[in-house]
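Taken in order, the sequence shown gives residues 27 to 338; the numbers are from this note's numbering.
Working notes, structure below.
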Amino acid sequence: MKKISFALIAFAFLFLNELKAETSPYHSLRYAATARTAGLAGAVVAIPNDAGTISFNPASISTVENKRFSASFIKHILDINSGNVSYIKEFEETGTFAGFVSYTNYGSFTRADRFGNQTGSFNSSDLNLSLSYSNELDLNFYYGITLKYIFMNIDKYNSSALALDAGLLYLLPDERTNLGLSILSAGTQLTTFDGTKDQLPLDIRLGVSHLLRGLPLLVNFSLHHLADETDNFFERFANFSIGGELYIGDYVQARLGYDNHIKRYSAPSNNKKLAGFSAGIGLKLEDFSFDYSLSQVGVSASMHRFSLYLDL
Numbered sequence: 027m028k029k030i031s032f033a034l035i036a037f038a039f040l041f042l043n044e045l046k047a048e049t050s051p052y053h054s055l056r057y058a059a060t061a062r063t064a065g066l067a068g069a070v071v072a073i074p075n076d077a078g079t080i081s082f083n084p085a086s087i088s089t090v091e092n093k094r095f096s097a098s099f100i101k102h103i104l105d106i107n108s109g110n111v112s113y114i115k116e117f118e119e120t121g122t123f124a125g126f127v128s129y130t131n132y133g134s135f136t137r138a139d140r141f142g143n144q145t146g147s148f149n150s151s152d153l154n155l156s157l158s159y160s161n162e163l164d165l166n167f168y169y170g171i172t173l174k175y176i177f178m179n180i181d182k183y184n185s186s187a188l189a190l191d192a193g194l195l196y197l198l199p200d201e202r203t204n205l206g207l208s209i210l211s212a213g214t215q216l217t218t219f220d221g222t223k224d225q226l227p228l229d230i231r232l233g234v235s236h237l238l239r240g241l242p243l244l245v246n247f248s249l250h251h252l253a254d255e256t257d258n259f260f261e262r263f264a265n266f267s268i269g270g271e272l273y274i275g276d277y278v279q280a281r282l283g284y285d286n287h288i289k290r291y292s293a294p295s296n297n298k299k300l301a302g303f304s305a306g307i308g309l310k311l312e313d314f315s316f317d318y319s320l321s322q323v324g325v326s327a328s329m330h331r332f333s334l335y336l337d338l
C-alpha cells in the first residue's frame, strides 16, 4: 500500500502543467478556516486528528478521535468577517462523515453611478455548505471526499457553484511522519453573476508533517497553488508553506508559520516586511480546546482567528 500512495502522488504531479487556476470570485474557498490552520500558515494537509483540517484534506476526518465539533470566527481586513462550524460523526460499518458550514460577510460598499455620484450602498456575502466522507483504504492509509455548494451575493447579483475536494493521508507512526495530498475546489458554476462564467480556485496541495525526536516540535511543510498557471513548471514550487508547533507541557502549544505565496503576491516588492508570517497559541484541555492566530497578509493588513473545539 505504501507503493500505491507514492504512485498516486507521482501521478498527480504528471498532470500539474495541464491544470490551471484562474482569478475567481470564490477565493474564500482558499481561506484557512481555523486558528490552528492559519497559525501553521496552511501547512496542514498531512496533519491528522484535527477537525479543523477538513477544508484542506477531507481524508483527515477519519483520524479525529475526540473534539469532533469546531467553531471558528475570522476577523479579516477592513470590515470583512466570517465564521464556520463543523461536526464529525463516525459510523462503524460505513465510515466517517462531516458537515461544514461557512459564512463570510464582506461588509457594506458605496454604490455610485458612472459619473461617481453616490446612489446608496450594497452588501456582499458568501455561504459554503459542505458534506465530507472518509474511510480507511489500508492500515494508516485514508481517503476522503467533500462535496461543496457555494452561494455568493453581490448587491442584487447572485452566483452559485458546485465543487469537489479529494484527499489522501498516509500515517507512518514509527517514523513520526505523515504524508498528505489533496485536490481542492474542482468544480463549476451553476449560475453566474452576469452571464460570464467564472472559474473556481482549483488547488493541489502536497505536504508532510514530522514530529522531531527528543524535541516536542511538530514540523509541517506543504506545497500549494500547484494548479495555478505559471510561466514554467518549476515556478509552482515557490508556493510553499512551513509551520512549526511547539508543545509546552501537556496543555499549551505555540505556533509559527510562513506562507511564501502570500509573501510573493500580497505586498510590494520593496515593502514586504512580515507579509506571509503567522503565529498562534493553543490551549488543549480535557473537555475543550481553544486556539488563536494572527496572520500578516500585507504591509499593514492582518487577520485574527479564534477557534473552539468540543466533544458533542
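The beta-carbon is built from N, C-alpha and C at its ideal position, and this holds for glycine as well.
Looking only at its chain, what residues have a beta carbon closer than 6 Å to the beta carbon of residue i, apart from the 5 residues adjacent to it on each side?
{"i": "A64", "result": "A58, S304, S319, S321, R331"}
{"i": "T218", "result": "S185"}
{"i": "I361", "result": "With the chain running from 27 to 338 in the structure shown, residue 361 is simply not present."}
{"i": "I114", "result": "A77, I87, V90, R94, A124"}
{"i": "F266", "result": "L249, N286"}
{"i": "F153", "result": "The sequence shown places Leu at residue 153, not Phe. Around L153: Y129, F177."}
{"i": "I180", "result": "S150"}
{"i": "A327", "result": "I103"}
{"i": "T60", "result": "G78, S98, S333"}
{"i": "G206", "result": "V71, A72, N83, L195, G233"}
Pick from the options: whose alpha carbon is nearest that of residue i?
{"i": "E118", "options": "N107, N161, L190", "result": "N161"}
{"i": "L195", "options": "G170, V127, R202", "result": "G170"}
{"i": "T122", "options": "Y113, Y159, S108", "result": "Y159"}
{"i": "A264", "options": "E271, A253, Y273", "result": "A253"}
{"i": "M178", "options": "A189, V70, S150, V323", "result": "S150"}
{"i": "G213", "options": "S81, G275, A189, N110", "result": "A189"}
{"i": "Y132", "options": "L282, G146, L157, K101", "result": "K101"}
{"i": "L338", "options": "S112, G233, D257", "result": "S112"}
{"i": "D276", "options": "T120, T136, L309", "result": "L309"}
{"i": "V70", "options": "G283, D220, L311", "result": "G283"}
{"i": "L165", "options": "P199, Y183, I180, F148", "result": "P199"}
{"i": "V323", "options": "L104, L216, N75", "result": "L104"}
{"i": "F148", "options": "L155, L157, R137, S156", "result": "R137"}
{"i": "L163", "options": "L197, L232, S108, L336", "result": "L197"}
{"i": "Y183", "options": "P51, S292, S235", "result": "P51"}
{"i": "S156", "options": "G146, F167, F126", "result": "F126"}
{"i": "K223", "options": "L66, F167, D317, A187", "result": "A187"}
DSSP has residue i in a bridge; who is on the other side?
{"i": "Q225", "result": "None, per the DSSP bridge assignment."}
{"i": "G121", "result": "F117"}
{"i": "N149", "result": "S134"}
{"i": "D285", "result": "S267"}
{"i": "V323", "result": "Paired residues: none, contrary to the question."}
{"i": "Y273", "result": "Q279"}
{"i": "Y335", "result": "S96, S315"}
{"i": "F247", "result": "V234, I268"}
{"i": "T6", "result": "Since the displayed the chain opens at 27 and closes at 338, residue 6 lies outside it and no answer follows."}
{"i": "I307", "result": "A280, Y318"}
According to the neighbour-count rule (16 or more other Cβ atoms, all chains shown, within 10 Å of its Cβ), is residue i buried or exposed?
{"i": "P242", "result": "exposed"}
{"i": "L249", "result": "buried"}
{"i": "S134", "result": "exposed"}
{"i": "V278", "result": "exposed"}
{"i": "K174", "result": "buried"}
{"i": "G68", "result": "buried"}
{"i": "E312", "result": "exposed"}
{"i": "H287", "result": "buried"}
{"i": "N204", "result": "buried"}
{"i": "M329", "result": "buried"}
{"i": "E48", "result": "With a pLDDT of only 43 at E48, under the threshold of 50, the placement of this residue in the model should not be trusted; the figure read from the coordinates follows. Burial call: exposed."}
{"i": "T172", "result": "buried"}
{"i": "Y291", "result": "exposed"}
{"i": "L216", "result": "exposed"}
{"i": "R62", "result": "buried"}
Residues in its own chain within less than 7 Å of residue i by CB, not counting five upstream and five downstream?
{"i": "L238", "result": "V245"}
{"i": "A280", "result": "L272, I274, I307"}
{"i": "L336", "result": "K93, F95, F314"}
{"i": "P74", "result": "S86, T89, L195, L197, N204"}
For residue i, I'd like the list of residues in its chain whose CB is within less than 8 Å of its CB, leaving aside the five on either flank, ordered along the chain.
{"i": "R262", "result": "L42, L249, H251, L252, D254, T256"}
{"i": "I106", "result": "T130, N131, Y132, G133"}
{"i": "D220", "result": "Y183"}
{"i": "S20", "result": "With the chain running from 27 to 338 in the structure shown, residue 20 is simply not present."}
{"i": "L34", "result": "Legend: pLDDT at L34 = 39, less than 50; position of this residue unreliable, value from coordinates given subsequently. Cβ neighbours of L34 beyond the five flanking positions: L194, L207."}
Is residue i close to chain D? Criterion is C-beta to C-beta, closer than 7 Å.
{"i": "D139", "result": "Absence of chain D from the displayed structure is noted, only one protein chain being present."}
For this session: For the region 90-98 and the region 132-150, state whether three or more C-beta atom pairs, one from each stretch, are separated by less than 8 Å.
Result: no
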